[in-house]
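Enquirer:
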Amino acid sequence: MSRRNIAILLVAIVVAMALVYWLGPESSNEARAFLRALKSAL
Numbered sequence: 033m034s035r036r037n038i039a040i041l042l043v044a045i046v047v048a049m050a051l052v053y054w055l056g057p058e059s060s061n062e063a064r065a066f067l068r069a070l071k072s073a074l
């Protein structure tokens, strides 16, 4: 993986964690699905 892809992945993980914290624990499944889709896209 290139350095750019790693940076994008780190930013996406931070954003997803912030969303989970903001929306509450019931949204963690959606956040996990989003991260999985992001990983498959890279």
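Residue numbering for the sequence shown follows our numbering, beginning at 33 and increasing consecutively. Every residue gets a Cβ at the ideal spot worked out from N, C-alpha and C, and that includes glycine. Note that this is a predicted model, so its numbers are computed, not measured.
1) Please name the residue, chosen from R35, L74, A73 and V47, that lies closest to A63 on a Cα-to-Cα basis.
2) Leaving out the 5 sequence neighbours to the left and right, which residues in its chain are closer than 6 angstroms to A44 when beta-carbon positions are compared?
3) In chain order, what residues of the same chain lie with their CB nearer than 8 angstroms to the CB of N37, ignoring the 5 residues before and after it?
4) Go through its chain and collect everything with a Cβ distance to A50's Cβ below 6 angstroms, but skip five positions before and after it.
5) Taking only three categories from DSSP, how would you classify L74?
Expert: Answer, in terms of the structure:
1) V47
2) L70
3) L74
4) none
5) coil
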